[in-house]
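Below is one structure, written out as structure tokens; comments come after it.
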Amino acid sequence: MFWVIPLIFLILFEIVADIFAKEYSLRDNWYFWGGALLAYVLANMFWLWAIKSGSGLARGAIIFSVSSAVLAIIIGLYFYGEQTNKFQFMGMILGVLALILIFWE
């Protein structure tokens with residue numbers, strides 16, 4: 464399960480990139496644009512490493528997608544004051560359940 468380490472870095476850099484992208488949308492500063500672009504590139508470098516290390520395309524993509532989505536929702540809600548409805552919240556819960564089932568052995 465060594466592939467989990469690069470997958471964690473992939474998710475972290477993706478979240479950093481999402482934060483820079485959100486800040487760019489709010490402040491229109493090219494530093495945030497450049498930071499987002501750099502973080503997305505670094506994230507994808509870790510994606511390549513995760514696949515090569517054995518994460519698999521299907522399993523790795525689901526873990527990355529759901530984890531990134533849940534973290535982005537949390538950041539959007541708590542740090543940027545974005546709103547969600549009950550269906551979106553239930554989607555988050557299903558996403559967490561999906562992660563639990565993927566790692567179940």
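The numbering of the sequence shown is this note's numbering, which starts it at 464 and goes up by one. Glycine included, every Cβ here is placed at the ideal spot set by N, Cα and C.
Spatial neighbours of residue i within its chain, please: CB distance less than 8 Å, with the 5 preceding and 5 following residues excluded, ordered by chain position.
i	result
A535	I478, D481
G523	W466, L470, W510, A513, I514
Suppose the cutoff is 7 Å on Cβ atoms and the five residues either side in sequence are ignored; what does the same chain contact list for residue i look like?
i	result
V533	M555, G558, V559
L473	A506, F509, W510, A513, F527
Y543	K485
If contacts are defined as beta-carbon pairs under 8 Å, then residue i and residue j qualify, I think. What distance do you get, rounded to the angstrom?
i	j	result
L564	V529	The pair is not a contact, with the Cβ atoms about 11 Å apart (cut-off 8 Å).
F509	P469	5 Å
W567	S516	About 21 Å separates the two Cβ atoms, so there is no contact after all.
Please report how far the alpha carbon of residue i lies from the alpha carbon of residue j, in whole angstroms.
i	j	result
F500	A513	According to the sequence shown, residue 500 is Leu rather than Phe. Cα to Cα, the separation comes out at about 20 Å.
Y503	K549	30 Å
Identify whether residue i lies in helix, strand or coil by the three-state DSSP scheme.
i	result
E486	helix
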